[in-house]
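Chemist: FYI, the numbering for the sequence shown is 1 to 310, going by UniProt numbering. Below are the structure tokens for one structure; questions will follow.
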Amino acid sequence: MRIQAIFNKDGGTFRTTDMEAYVRHAESVFAAAGHHLDCDVVEGADIEMTLRRCADRTDLDAMLAGGGDGTISAAAGIAWESGISLGVVPAGTMNLFARSLRIPLDIWQALDALADGTVADADIGSANGRAFVHQFSAGLHARMVRLRNGMTYRSRAGKILANVRAAGGVMLDPPEFEVEFDVDGVREHRRVSAINVSNNRFGNDALLYADSVTGGHLGFYVAQPLSTSGVARLAYDILRGKLRENGDVTEMVGSAVDLHFPKMDRAVNCVIDGELLPMSRDVSLRLHAGELKVIVPRVKAQSSPQAAAA
């Protein structure tokens, strides 16, 4: 395979990595596996432009994207649009999509797994046409990200600490709002504190990522209006992997979710794959089953009927 790698040097792990040495190692690993790999190391501000330029090329079999969840989400959306296969190098804080794909979280080990990997079909979601590989969320999570973004941090540990501080702020002042939702024809009108729509239902890990992204469905979660103690109980249940035991949370699955916010009288934010964005009064979420081609470790691919040899 002829592959182009784009590494975001501003991604968490890459900030403290000798990128010249990493590029040399990547090229050597892929050459030993019979592939030709070229690498570009770019700043975060240039990542999307570089990814689009790569996806437009006609001489490539695949592209590798290395960085945090924002970089990987952007790369997946571009790969989905263009039809090119995508390999994920997890260099961020949470690396949620890489976890779902069972890619080693060590950036050096990830190269070996991808070089020897195979191409498989994965699901991808969209929110009003914008792709997401992990989740769309509104309410608690969006407020937490907004608070975190107002803090200063320079490292992965600093970002984790900022997340903890932001979660404390949300716990003291949880949001509450109205939503009308339609999940595959099941319609309801509720007051809630949180909405999450995931690319396949969450597993039981405290980080709330899907165990598989080949199930062909969206996970839909709503939390009823929560007090400070209710948010604390929810956080505790998530941390111990018991989200589904929390009585304030409703879980549904479907391939199409439509949201309407009838009393949105001011600017409100949502979060898509970790990025804080303005939210529309109406949000149409869809699951695109098997439409994203991804490079996955060979052991996982052999157990999946959707895998195709690279």
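Beta carbons: idealized from backbone N, C-alpha and C, even for Gly.
Please identify the residue among Met144, Phe30, Ala5 and Arg244 whose C-alpha is closest to the C-alpha of valine 89.
Modeler: Of the candidates Met144, Phe30, Ala5 and Arg244, the one whose C-alpha sits nearest the C-alpha of valine 89 is Ala5.
Chemist: Determine the closest residue to valine 41 out of Ala31, Phe14 and Phe30, with distance taken between C-alpha atoms.
Modeler: Minimum Cα distance to valine 41 is reached at Phe14.
Chemist: Give me the DSSP bridge partner(s) of proline 90.
Modeler: Proline 90 is bridged to Gly67.
Chemist: Contact defined as beta carbons within less than 8 Å: I believe aspartate 211 pairs with glycine 203. What is the distance between those atoms, to the nearest angstrom?
Modeler: Rounded, the Cβ-Cβ distance is 4 Å, consistent with contact.
Chemist: Give a yes or no on whether the C-beta atoms belonging to glutamate 251 and arginine 240 are separated by under 8 Å.
Modeler: Against a cut-off of 8 Å, the Cβ pair of arginine 240 and glutamate 251 comes out as no contact.
Chemist: With DSSP collapsed to three states, give me the class of isoleucine 72.
Modeler: If DSSP states are grouped into helix, strand and coil, isoleucine 72 belongs with the helices.
Chemist: Apart from the five residues just before and just after leucine 60, which ones in its own chain have a Cβ nearer than 8 Å to its Cβ?
Modeler: Excluding sequence neighbours, leucine 60 sits near Arg2, Ile3, Gln4, Cys54 and Ile84.
Chemist: Helix or strand or just coil, what does DSSP make of alanine 307?
Modeler: Below a pLDDT of 50, predicted positions are generally treated as unreliable, and alanine 307, at 49, falls in that range; no measurement from the model is reported.
Chemist: Three-state secondary structure (DSSP) at alanine 301?
Modeler: Residue placement at alanine 301 is flagged as unreliable, the pLDDT there being 46, under the threshold of 50; a coordinate-derived value is accordingly withheld.
Chemist: Could you say which of Ala127, Leu234 and Asp265 lies nearest to serine 73 if we only look at CA atoms?
Modeler: For the residues Ala127, Leu234 and Asp265, the minimum Cα distance to serine 73 belongs to Ala127.
Chemist: Can you tell me which of the three DSSP states phenylalanine 132 falls into?
Modeler: Strand, per DSSP.
Chemist: How would you call threonine 16, buried or exposed, if buried means at least 16 neighbouring beta carbons within 10 angstroms?
Modeler: Flag for threonine 16 reads exposed.
Chemist: Distance check for tyrosine 22 and glycine 34, CA to CA, integer angstroms please.
Modeler: When rounded, the distance between both Cα atoms is 19 Å.
Chemist: Using DSSP bridges, identify the partner residues of tyrosine 236.
Modeler: Beta-bridge pairing links tyrosine 236 to no other residue.
Chemist: My assumption, with CB atoms under 8 Å, is that aspartate 273 sits in contact with phenylalanine 132. Please give the rounded CB distance.
Modeler: About 5 Å separates the two Cβ atoms, so the contact holds.
Chemist: What does the Cβ neighbour count give for alanine 307, buried or exposed, with the cut at 16 atoms within 10 Å?
Modeler: For alanine 307, the predicted structure reports a pLDDT of 49, less than 50, and the residue's modelled location is therefore unreliable. A value from the coordinates is still provided. Label assigned to alanine 307: buried.
Chemist: Leaving out five residues on either side along the sequence, give the residues of the same chain with a beta carbon under 6 Å from the beta carbon of aspartate 182.
Modeler: Here the set comprises Asp258.
Chemist: Can you list, in chain order, the residues of its chain whose CB lies under 7 Å from that of aspartate 184, leaving out five sequence neighbours each side?
Modeler: These residues qualify, in order along the chain: Gly254, Ser255 and Ala256.
Chemist: If we count the other Cβ atoms within 10 Å of its Cβ and call it buried at 16 or more, is aspartate 123 buried or exposed?
Modeler: Looking at its Cβ environment, which holds 16 or more other Cβ atoms inside 10 Å, aspartate 123 is buried.
Chemist: Measure how close the beta-carbons of leucine 101 and leucine 207 come, nearest whole angstrom, since I'm counting them as under 8 Å.
Modeler: Between leucine 207 and leucine 101 the Cβ distance is about 14 Å, and since that is not below 8 Å, they are no contact.
Chemist: In the DSSP assignment, what residue or residues form a beta bridge with tyrosine 221?
Modeler: For tyrosine 221, which the question treats as bridged, DSSP gives the partners Asn196 and Glu251.
Chemist: Does the Cβ-Cβ distance between glutamate 180 and serine 193 come in under 8 Å?
Modeler: In this structure, serine 193 does not lie closer than 8 Å to glutamate 180 by Cβ.
Chemist: Is it buried or exposed, tryptophan 80, if we count other Cβ atoms within 10 angstroms and call 16 or more buried?
Modeler: With 16 or more Cβ atoms within 10 Å of its Cβ, tryptophan 80 is classed as buried.
Chemist: Is it the case that the Cβ atoms of proline 278 and isoleucine 103 are separated by a distance below 8 Å?
Modeler: Result no, Cβ atoms of proline 278 and isoleucine 103 do not sit closer than 8 Å.
Chemist: Judging by CA-CA distance, which residue of His288, Val268, Ser284 and Gly290 is the nearest neighbour of arginine 143?
Modeler: Of the listed residues, the one whose Cα sits closest to arginine 143 is Val268.
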